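Notes follow the structure.
There are 2 protein chains.
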Amino acid sequence: MEEWLACCGSAKFAQQMAAVAPFSNPQEAIDAAKDIWFNKVDVNGWLEAFAAHPAIGESPSNTVKSPTTTAEFSFSLFCYTQITAVIAKWSNGEQSTALATATDATIQELYYWNSQYRQKFGFVFLICASGRSTPEILTEIKKRYLNRPIIEFELAAKEQMKITELRISKLFTANATSASTTRTPRCGDNSQRFCARLAISVSNL
Amino acid sequence: MEEWLACCGSAKFAQQMAAVAPFSNPQEAIDAAKDIWFNKVDVNGWLEAFAAHPAIGESPSNTVKSPTTTAEFSFSLFCYTQITAVIAKWSNGEQSTALATATDATIQELYYWNSQYRQKFGFVFLICASGRSTPEILTEIKKRYLNRPIIEFELAAKEQMKITELRISKLFTANATSASTTRTPRCGDNSQRFCARLAISVSNL
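Chains as they are written, first to last, in our numbering: chain H, 1 to 205; chain Y, 206 to 410.
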């Protein structure tokens, strides 16, 4: 249940994922996640999941402070309230492109626009940052700031789902790695046995 | 400000209406209300406005109880948390068709479906009941129950706007009546002077 919450911070989402687990492969879990997120989690659940992401310039403890360095930005932009060692590792991967393209000026600009965005829409700017540069993220937030609140709400939910998808894939990979280093591989139908082990591992988390 | 809140229970809506008032006629106020509601009030404001409507079978103090009589239903279906004498009078008009067509059986059915609806979507079933019979409302709630949460959220916001429109019109009518019984009509360009008085009256509420 905790790892489903790490994939998406809605309690209803995590409960329903746990209820339909185990999954035999990542795609099956992602398909279930999409169905639950878009058809079963209500708008309060969407807001709950968005609130699990701290705003740019905020620490996970919700203390507001302006980022002054690239390192501080890199920490605050992508880290999550209930950060764990696994999630931190995932975040490092997701932010690599943005980190490589961030400067103090773009960080300050992003901080400003996130503040404007939050004031207009009532939740943090949410974007699946994987593979996106900081200038690209800036362009996106300025464009999305012009949207009507309901349009932006649905867009943010779609971005949340992209993040969730990535994290579900990483969850399976992490558990596969863990399983392969702690268990002796079996011969025979390896892929099938491997998926079965994974499914049990994920469902028991 | 209080009367704008009576038209729509979002504080942001009421504040922004008060900020752009006075209005020279009801249509001007309705146009401003639509712009504010759909473009400026965020999704939290929408939920706040929805929460100002008690669910079917709930009293304004939020005590849940099943309605057992038509009279009880008629009170609970349309009354509002911050009920005032003016709003009560408006509600009587809005519910006249539903009241005339309600039976104990349809009331119980409506109560059941409202409970199901609230469980799925996280807010009360909202419909502009003016001119609609109880069977029509029942048909609508069953149909809308099948929607995805985000679709239903936007539909509910549109119904809220219809209610707001009716109430803004009634607000102007009420103030016109008040003005005509307490002030001596002037000669000359009556309509223009009358509208000017109304605008002041509304903006000062």
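Glycine residues also receive a C-beta, built at the ideal position from the N, C-alpha and C atoms.
Given the structure is predicted, the values throughout are model-derived calculations rather than measurements.
Can you look up A169/H in the DSSP assignment and give me helix, strand or coil? The sequence given here places Ser at residue 169/H; Ala does not occur at that position. Helix.
Counting pairs of Cβ atoms below 8 Å between the region 40-53 of chain H and the region 2-19 of chain H, do you hit three or more? Contact between the region 40-53 of chain H and the region 2-19 of chain H is present, with at least three C-beta pairs closer than 8 Å.
Here's a check: name, in chain order, each residue in its chain whose Cβ is nearer than 7 Å to the Cβ of V43/H, leaving out the five neighbours to either side. none
Three-state secondary structure (DSSP) at V124/H? coil
Closest residue to F377/Y among S229/Y, E207/Y and D309/Y (Cα-Cα distance): Ranked by how close their Cα comes to the Cα of F377/Y, the residues S229/Y, E207/Y and D309/Y have S229/Y in first place.
Can you pull the chain H neighbours of R353/Y, defined as C-beta to C-beta under 8 Å? F38 and N39
If C212/Y sits next to R372/Y, beta carbons under 8 Å apart, how far is it from one beta carbon to the other, in whole angstroms? 4 Å
In whole angstroms, give me the CA-to-CA distance for A21/H and G122/H. 33 Å
By the criterion of Cβ-Cβ separation under 7 Å, what are the contact partners of F358/Y in chain H? V43
I346/Y - DSSP class collapsed to helix/strand/coil: helix
Beta-carbon gap between R323/Y and V329/Y smaller than 7 Å: yes
Check whether chain H comes within 7 Å of F255/Y, counting only Cβ atoms and requiring the distance to be less than that. no
Within chain H, partners of G336/Y - CB distance below 7 Å: Within 7 Å Cβ-Cβ: nothing; G336/Y doesn't reach chain H, min ~26 Å.
Verify whether the separation of the beta carbon atoms of K36/H and E359/Y is less than 7 Å. Note on residue identity: the sequence assigns Ile, not Lys, to residue 36/H. No; because the gap between Cβ atoms is not below 7 Å, this pair is not in contact.
With burial defined as no fewer than 16 other Cβ atoms inside 10 Å of the residue's Cβ, what is the status of W310/Y: buried or exposed? According to the sequence displayed, residue 310/Y carries Ala and not Trp. Exposed, because fewer than 16 other Cβ atoms sit within 10 Å of the Cβ of A310/Y.
For I200/H, does the count of other Cβ atoms within 10 angstroms reach 16, so buried, or fall short, so exposed? Here the model assigns I200/H a pLDDT of 27, short of 50, so the residue's position is not dependable and the matter cannot be decided.
Look up A102/H in the DSSP assignment and say whether it is helix, strand or coil. Note: A102/H maps to coil in three-state DSSP.
With 7 Å as the threshold, decide whether the Cβ of G214/Y is near any Cβ in chain H. no
Please confirm whether F121/H has its beta-carbon closer than 7 Å to some beta-carbon of chain Y. yes
Three-way DSSP call (helix, strand, coil) for V41/H in this model: coil
Would K170/H be called buried (16 or more neighbouring beta carbons within 10 Å of its own) or exposed? buried
What are the boundary residues of the alpha helix (DSSP H) that includes A422/Y? Given a span of 206 to 410 for chain Y in the structure shown, any question on residue 422/Y remains unanswerable.
With distance defined between alpha-carbon atoms, name the residue in A129/H, A157/H and A174/H nearest to A9/H. Strictly speaking, residue 9/H in this sequence is Gly, with Ala absent from that position. Comparing Cα positions, the closest option is A157/H.
Decide if T134/H is buried, meaning its Cβ has at least 16 other Cβ atoms within 10 Å, or exposed. buried
Using the three-state DSSP reduction, which class does A258/H fall into: helix, strand or coil? Nothing in the structure corresponds to residue 258/H, since chain H is present only between 1 and 205.
Can you tell me whether C8/H is helix, strand or coil according to DSSP? coil
Please report how far the alpha carbon of A33/H lies from the alpha carbon of T306/Y, in whole angstroms. 43 Å
Tell me which residue opens and which closes the alpha helix (DSSP H) that I235/Y is part of. P231 to D240
On the CB-based measure, 16 or more other CB atoms within 10 Å of its CB, does Q365/Y come out buried or exposed? Around the CB of Q365/Y, 16 or more other CB atoms lie within 10 Å, so the residue is classed as buried.
Burial state of N244/Y (16 or more Cβ within 10 Å): Per the 10 Å Cβ criterion, exposed.
Beta-carbon proximity check, I30/H vs E165/H, cutoff 7 Å: yes
On the three-state DSSP scale, how would you describe L351/Y? coil
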